[in-house]
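Peer 1:
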Amino acid sequence: MGKMRTQSAPWRAAAVLASVLLVGGVAACGNSDTGGGGTKDDGKITMGFSQVGAESGWRTANTISIKEAATAAGIELKFDDAQQKQENQIKAIRNYIQQKVDVIAFSPVVESGWDTVLKEAKDANIPVILTDRSVDSADKSLYKTFLGSDFVKEGKLAGEWLVEQKKTASGPVNIVELQGSTGAAPANDRKKGFAEAIAANPNLKVIASQTGDFTRAGGKQVMEQFLKANPKIDVLFAHNDDMGLGALEAITAAGKVPGKDITIITIDAVKDGMQALADGKFNFIAECSPLLGPQLMDLAKKVKAGEEVPARIETQETTFTTEQAKEALPNRKY
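Numbered according to mature numbering (1 follows the signal peptide of the UniProt record, and there is no 0), the sequence shown spans residues -28 to -1, 1 to 306.
Here is the structure:
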């Protein structure tokens, strides 16, 4: 995808539809629902959902979307926060199996190490839906579908924009990269996509790359290290807005002007990130929409009914420059 996408009419229509669906119900965003156990005879679907955690504004919006959409769809949701730990997710999934829920959905903390527990769910005849992040299991029959973004594409869009911006550069362009959580699908894929895109211009060089764990605190801490170790940094590529927002503090404290002295590219397009872009502190954002709730509930109903669903369902997204962020911000839902 060489050209930057803009917000087409179909995209706007899809966003409006998602918003309408989300307004249908409001659910509390408090502690996990671990009560109950087993399905009921009233035909109501029970879903067990294990969330990565609450590491970013994106994740918070994703959780709200799922809870509200479950209420709107009449689906009983048993929600668990894994607090960034794979062992917590595996425990939650096993609890859902014991409770005989109708559908299990989760956003995997990391890509590897899921085959055993997914086989247990399959043996219990409980369909599994992956959301936001996928797994690297060779046996694709262990889950029904994966609903989420194309993280490689997001990285490529970020890299392609930079290639276009720096096409006249006559010397080295030094890039530092704030990676997401080690082993997580978006971190692996965004890094890969970005690297593939910037390979088109040998002047673009990643001189430092380290995880900031998708958090603002991590982004600030690692950016401070980057600035001390590298006197000349031209570009920051952050795997999400939150790390980029943390890096802003470090860049400002170092006496540099974000968005001018250092070009900043991020991924997600949450409201705080979009505000930084509108203010000229960020330069480009590739969107990763967290509003997966309505699609997830629709899929849950289909797999419960035994319907065939696509093995991969991609969310529809766009990219933003400063001017586009200014236009989109007033109606931003997350």
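Here a beta-carbon is modelled for each residue, glycine too, at the ideal position from N, C-alpha and C. Computed from a prediction, not measured in an experiment: that's the story for all the values here.
#1: Which of helix, strand or coil does DSSP assign to E196?
#2: Could you name each continuous alpha helix (DSSP H) segment of 4 residues or more that falls completely within the segment 51 to 120, going from the start of the chain to the end?
#3: Please list, in chain order, all residues of the same chain as A(-11) whose beta carbon is under 6 Å from its beta carbon, the five residues on each side excluded.
#4: Counting only runs that start and end within the segment 190 to 251, where is the alpha helix (DSSP H) found for 4 or more residues in a row?
#5: From the DSSP output, in three-state form, read off K298 for me.
#6: Return the first residue and the last residue of the alpha helix (DSSP H) that S37 is part of.
#7: Hey, how far is the Cα of I98 from the Cα of D270?
#8: Nearest to S28 by alpha carbon, out of K253, E279, A241?
#9: Cβ atoms of F186 and V148: under 8 Å apart, would you say?
#10: What does the Cβ neighbour count give for R(-17), buried or exposed, with the cut at 16 atoms within 10 Å?
#11: What did DSSP end up calling I283 once you bin it into helix, strand or coil?
#12: Is E279 close to the ligand NAP? I mean its beta-carbon at under 7 Å from any heavy atom of the ligand.
#13: For the alpha helix (DSSP H) holding I179, just list the boundary residues, first then last.
#14: On the premise that I65 lies in contact with A272, defined as a C-beta separation below 8 Å, what is that separation, rounded to the nearest angstrom?
#15: Using CA atoms only, rank isn't needed, just tell me which of A130, K253, E59 is closest to K298.
#16: Within 10 angstroms of the Cβ of G25, are there 16 or more other Cβ atoms? Answer buried if so, exposed if not.
#17: Quick check: what's the CA-CA separation for A300 versus A96?
#18: Which whole-angstrom value is the C-beta distance of L217 and D251, which I expect to be below 8 Å?
#19: Have a look at I239, F51, A248 and flag the residue whose alpha-carbon is nearest the alpha-carbon of P230.
Peer 2: Put simply:
#1: helix
#2: 58 to 70, 87 to 95
#3: Because A(-11) carries a pLDDT of 40, less than 50, the predicted location of this residue cannot be relied on, and the following value inherits that uncertainty. Hits under 6 Å: L263, P266.
#4: 213 to 225, 243 to 250
#5: helix
#6: 29 to 45
#7: 16 Å
#8: A241
#9: no
#10: Low confidence applies here, because R(-17) scores a pLDDT of 35, under 50, leaving its location unreliable and the question unanswered by this model.
#11: The question names Ile, but residue 283 is Ala in the sequence shown. Coil, per DSSP.
#12: Inclusion of the ligand NAP in the displayed structure is not the case, the ligand content being empty and no account of it being possible.
#13: It is not in any alpha helix (DSSP H) - I179 instead sits in the beta strand (DSSP E) that spans 176 to 183.
#14: Wrong, their Cβ atoms sit about 15 Å apart, outside the cutoff.
#15: K253
#16: buried
#17: 45 Å
#18: With a Cβ gap of about 11 Å, L217 and D251 do not count as contacting.
#19: A248
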